[in-house]
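Here the structure is laid out as C-alpha cells; the discussion comes afterwards.
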C-alpha cells in the first residue's frame, strides 16, 4: 500500500516536471518568435526609409510641427485661456498634416470651412440662447439637432463626397463650442479662442509642410504615369519574346517581364487619389503653367491602359492551353519581333519625353516605323494564311459558272458561285499547287506531343495520357485550333499598334496644355 502511494507520487511529480518543461519551452519559443518579429519589423522599417527617404522627412516634419504647437501649453500671459485650450491647435496639426501638399491643403480647406461655419452658427445660436432666458438650454439642444440633421443630410449628396470631412468637422466643432460655452457661460470667448487656436495650428502646419522639403502629389502622379509607360514596354517585350521562344505557362505566370501590364491596370485608384490632391496644389517647380495639366496626365494614362489590356491578352495567349507549333511561329518570327521592338521603342520614347516634359518633334512621325512593320506583318499573314486555317475545307479551284445559270445563282449556294465571289485570301493561293506534308495518324500524335507542356485540348484528353486517338478529325481539329492561336496573337499585336495612335494624340494634347519644351534638334 505504501509502495503504491510512493509510486503514484513519483509518477505525478514526473508528469508535473514534464509539463513544466513543456510550458517553459513554449514560453521560450514564444519569446523567440516575438523578438524575431520585432527584428523583421525593424529591418522592413529601415528598408522602407531607404527606398523612400521622403517618409523619414515627413515624419520629422510632423515631429517639428507638434513640437512648436505643444509650446502653447506653457503660455501664461496675456490670454491665459490659450494654454487651457491649446489642445485645439494640437488636434488641428494631427488632422491636417498629410504626406503631400495637396492632401494637406484639401484637409485644411475642409477643416477651415467647417470650423468657420460652425463658429458663425455657434455665435448666432449663442446670442439666441442668451435672449431666450429660461429657454436657453432648449435653444442650444434644439440647435444641435438642426445642425446634425442638416450636416448629415447634405454630406450624403453625391457631389459633396469630397467635402465629407468638412461636414464632420462642422458638426463636431459646433457641438463642442456650444457645450463649452454653456459650461463656462462665456460663449463668445470660447468660440473666438478656439477659432484662433485652430487657425494658428493650420498656419504652423502649412508653413512647415510647404517650407521644409515639400512633397507634391503632382510629381508623384507624373512619375507614376512615366513608370506605367516603362512597365508596359517591358511587359510587351517580354510577352513577344516569351511567345516566340515557346515559354511554358508556369514560367510566365509570376515573372516581372510578363506581368508589368498589371501595375498599369491596377494604378487607376492611385491615379485618382493623386489627382484629387494635385488639383489643389499651386503651380510649382516644372509645373508653373497657367492651365492645370493633371487631368490630362490621368487621361493619357487611361489611353495607355487600353494598350495594357492588349498586352494582357497577349500574355493570355502564352498561358493558353492551345498553342501553335514552333515551326509555324518561326514563319512569322521576324515580323512579330520587329513589331514588338518598334512598339516598345515608341512607348519608351514617349515615357522618356514625358519624364523630361519634352514635346514630340513636329517634323517626324513617331509611329511611322511601327505602322510599317505592322503592315508588313499583315501582308505576311495574308501571304501565309494557308498556315493558319485548315486548307482541306477551302472552296477553291472549283469550275467557274456563268451568270446565265440563274437557277443556281438564286439558290444562294456558295459552292455554285464563281471564284471571284470568294474571299481574297482564298483566291490568292491555288491549294492544288501547295505541297502540304501529310503525316500518318501515329506520327500526327507524336508531333502534337512536341508542342509545349501547356498544349491541352479539353476534348482530347487522350493526348495527355500518351494514348492514340481513334479519329483523325480530332487531331485535325486540334492542329487547326493551335494554328489559329498564332493568328490571334498576331492580330492582338496589330490592334496594340492601332491603339498607340490614341496614346500619341493624348500626349500631344498634354504637351500643349502643360507647355512642354520643344525638342532639341541635332544638326548633322
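In the UniProt record's numbering, the protein residues as written are 1 to 524.
Positions of the beta carbon are idealized from the N, C-alpha and C atoms, including for glycine.
Bear in mind the structure is a predicted one, so any value in this text is a computation, not a measurement.
Rounded to whole angstroms, the Cβ separation of residue 494 and residue 378 is 6 angstroms, and the two are in contact under 8 angstroms. In this structure, the alpha-carbon of residue 508 lies about 28 angstroms from that of residue 336. Just so you know, the alpha carbons of residue 300 and residue 58 end up roughly 30 angstroms apart. At the C-beta level, residue 342 and residue 311 stay beyond 7 angstroms of one another. In this chain, residue 285 is not harboured by any alpha helix (DSSP H), its DSSP state being neither H nor E.
Within the DSSP secondary-structure output, residue 364 pairs in no beta bridge. Bridge partners of residue 517 according to DSSP: 358.
Here residue 67 is not near residue 197, since their CB atoms are 7 angstroms or more apart. Inter-residue distance for residue 229 and residue 381 is about 29 angstroms (C-alpha atoms, whole angstroms). Inside the segment 50-84, DSSP marks whole alpha helix (DSSP H) runs of 4 or more residues at positions 54-70 and 81-84, from first to last along the chain. Along the segment 304-334, the alpha helix (DSSP H) occurs as fully enclosed runs of 4 or more residues at 326-331, listed in sequence order.
Rounded to the nearest angstrom, the Cβ distance from residue 331 to residue 500 is 25 angstroms, too far for a contact under 8 angstroms. Judged by beta-carbon spacing, residue 110 lies within the 7 angstroms limit of residue 165, meaning their Cβ atoms are closer than that value. With contacts defined by Cβ atoms closer than 7 angstroms, residue 145 and residue 191 do not form a contacting pair. Taking each of 172, 513, 178 and 107 in turn and checking the Cα distance to residue 129, the smallest one comes out for 178.
Between residue 477 and the set 324, 356 and 513, the nearest pair of CA atoms involves 324. Counting of Cβ neighbours within 10 angstroms places residue 157 among the exposed residues, the total staying below 16. In this model, residue 514 and residue 170 are separated by some 37 angstroms (Cα to Cα). Residue 372 counts as exposed, since fewer than 16 other C-beta atoms from the protein chains shown sit within 10 angstroms of its C-beta. In this structure residue 72 touches residue 83 by the C-beta definition: roughly 6 angstroms separates them, less than 8 angstroms. Each of 113, 37, 142 and 193 was checked against the Cα of residue 79, and the nearest Cα belongs to 193.
Classified as buried, residue 294 has 16 or more neighbouring CB atoms from the shown chains inside 10 Å of its CB.
Taken in chain order, the complete alpha helix (DSSP H) segments of 4 residues or longer contained in the segment 129-163 are 136-155. For residue 201, same chain residues with a beta-carbon under 8 angstroms away, outside a window of 5 residues either side, are 69, 88, 89, 90, 91, 92, 93 and 96 in chain order. With contacts defined by Cβ atoms closer than 7 angstroms, residue 322 and residue 511 do not form a contacting pair. With contact defined as three or more Cβ pairs closer than 8 angstroms, the segment 201-210 and the segment 132-148 are not in contact. In the assembly as shown, residue 74 is an exposed residue. Its beta-carbon has fewer than 16 other beta-carbons within 10 Å. Per the coordinates, the alpha-carbon of residue 303 lies some 15 angstroms from the alpha-carbon of residue 269.
Exposure of residue 223 is indicated by the presence of fewer than 16 other C-beta atoms within 10 angstroms of its C-beta.
Between residue 233 and residue 338, the C-beta spacing is not below 7 angstroms. Counting along the chain, residue 95 sits inside the alpha helix (DSSP H) bounded by residues 87-96.
Pairing residue 101 with residue 210 gives a Cβ-Cβ distance under 7 angstroms. Per DSSP, residue 265 is one residue of the alpha helix (DSSP H) stretching across 260-265.
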